[in-house]
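Engineer: Structure in structure tokens, see below.
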Amino acid sequence: MKKWLFLILAGTMLVACDPQDNPNSQDIPPDGTTGTFTDARDGNVYKTIQIGSQTWMAEDLKFLPSVNKPIDGSKQEPHYYVYGYDGSDVAEAKAFTYEGVNMYETYGVLYNWSAATTTVGTKATAQGQVQGACPDGWHVPSQAEWVQLECYLADNGHNYDGSIGWEENKFKKIGKSMATADGWKSSDTEGAVGNADYPEYQNKSGFSALPSGCRFSYGIFGDLGINVSWWSATEYQVFDFNYDHAWLRLLQNSYNILFYNYWRKDEGLSVRCVKD
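Written out as structure tokens, the structure is:
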């Protein structure tokens, strides 16, 4: 976990917000509007939440057409994982429990980037919205759409300390607002996701993040209770001539911010879908 965190911190960059992050339209449901969506592919029912002009699933994706062992990895072919499960049977994976918790039902599926975006090969060429593993009418958020979410929350009262917006060269303090209190390892850091302080800000956004951990590129699961990472549909292309990396977002139990970084495409991370 220390290596993961070091690389997250080293690769994290500050994001500038666009004035259009707060559009005003009569067609947009009120902020905080909740709903449900049924995935016709497998019958899974997802909670949804309106945050600004975006409609997000309030749960991580569970689409599981096949399942891989953690030791099996690929940067090019789609791979799917259920945390803690070391087999290849989809029905078994969906029923698998770890420390008394059904991992599939609670945390969803971990996807390598090819599975998340349904992109086969080393370089993705799709432009615009990438549906990927998301159901019809939804897509894997781009880097820009994650930025839009982050900026909206910071500008609309979701910093844990009550501040609005952010100071130049400082992070937005929105982590607690994005996460439930369930499953996170405790932390003494002020305003951190895993700290019980400022309870009025815990999951204020309704995004309902849970600490699902990940499948590391070297073939093991880790960081359950410590962090959750979500893929973006955007590749990292700066000095990455092999197109081996893509952007992600991460919440960590002992921090109060939403990190972003690029990571190898063979990592197994969560997917959070946003509506078209």
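The sequence shown begins at 93 in this note's numbering and counts up one residue at a time.
Glycine included, each C-beta is placed from N, C-alpha and C at the ideal position.
Just so it is clear, the structure is predicted and the values come from calculations on it, not from any experiment.
Which stretch, first to last residue, makes up the alpha helix (DSSP H) that contains Trp238?
Structural biologist: Taken as a continuous stretch (DSSP letters only), the alpha helix (DSSP H) holding Trp238 covers 235-247.
Engineer: When DSSP labels each residue in this structure, what does Lys264 get in the three-state scheme?
Structural biologist: Looking at Lys264 - three-state DSSP - the assignment turns out to be coil, as it is neither helix nor strand.
Engineer: Please tell me whether Asp134 and Ser362 are closer than 8 Å, where the distance is taken between their beta carbons.
Structural biologist: It is not a contact, given that the beta carbons lie outside the stated cut-off.
Engineer: Would you kindly work out how many angstroms separate the C-alpha atoms of Tyr354 and Asp119, rounded to a whole number?
Structural biologist: Roughly 34 Å between the two C-alpha positions.
Engineer: Nearest-angstrom Cα distance between His154 and Asp131?
Structural biologist: Correcting the residue type first, residue 154 is Lys in the shown sequence and not His. The alpha-carbon atoms of Lys154 and Asp131 are separated by roughly 10 Å.
Engineer: If you draw a straight line from the C-alpha of Asn286 to the C-alpha of Ala301, how long is it?
Structural biologist: Contrary to the premise, residue 286 reads as Gly rather than Asn in this sequence. Distance between the alpha carbons of Gly286 and Ala301: 12 Å.
Engineer: Under 8 Å: do the region 345-353 and the region 271-290 share three or more Cβ pairs, one atom per stretch?
Structural biologist: Touching, yes.
Engineer: Please state whether the Cβ-Cβ distance between Ala150 and Tyr172 is less than 8 Å.
Structural biologist: It is not a contact, given that the beta carbons lie outside the stated cut-off.
Engineer: List the residues that DSSP assigns as beta-bridge partners of Ile141.
Structural biologist: DSSP, once it has assigned bridges, lists Thr126, Trp148 as partnering Ile141.
Engineer: In the DSSP assignment, find the unbroken beta strand (DSSP E) run with Val320 in it and report its ends.
Structural biologist: Segment 319-328, the beta strand (DSSP E) holding Val320.
Engineer: With Val320 and Pro303 assumed to form a contact (beta carbons below 8 Å), what rounded beta-carbon distance in angstroms separates them?
Structural biologist: Going by Cβ atoms, the distance from Val320 to Pro303 rounds to 5 Å, so yes, they are a contact pair.
Engineer: Buried or exposed for Val137, please, with buried defined as at least 16 other CB atoms from any protein chain shown within 10 angstroms of its CB.
Structural biologist: Under this definition Val137 is an exposed residue.
Engineer: Could you check the C-alpha separation between Gln146 and Val366 for me, to the nearest Å?
Structural biologist: Roughly 7 Å between the two C-alpha positions.
Engineer: Of the residues Ile312, Arg356, Tyr352, Tyr335, which one's Cα is nearest the Cα of Asn160?
Structural biologist: Taking only the C-alpha atoms, the option nearest Asn160 is Ile312.
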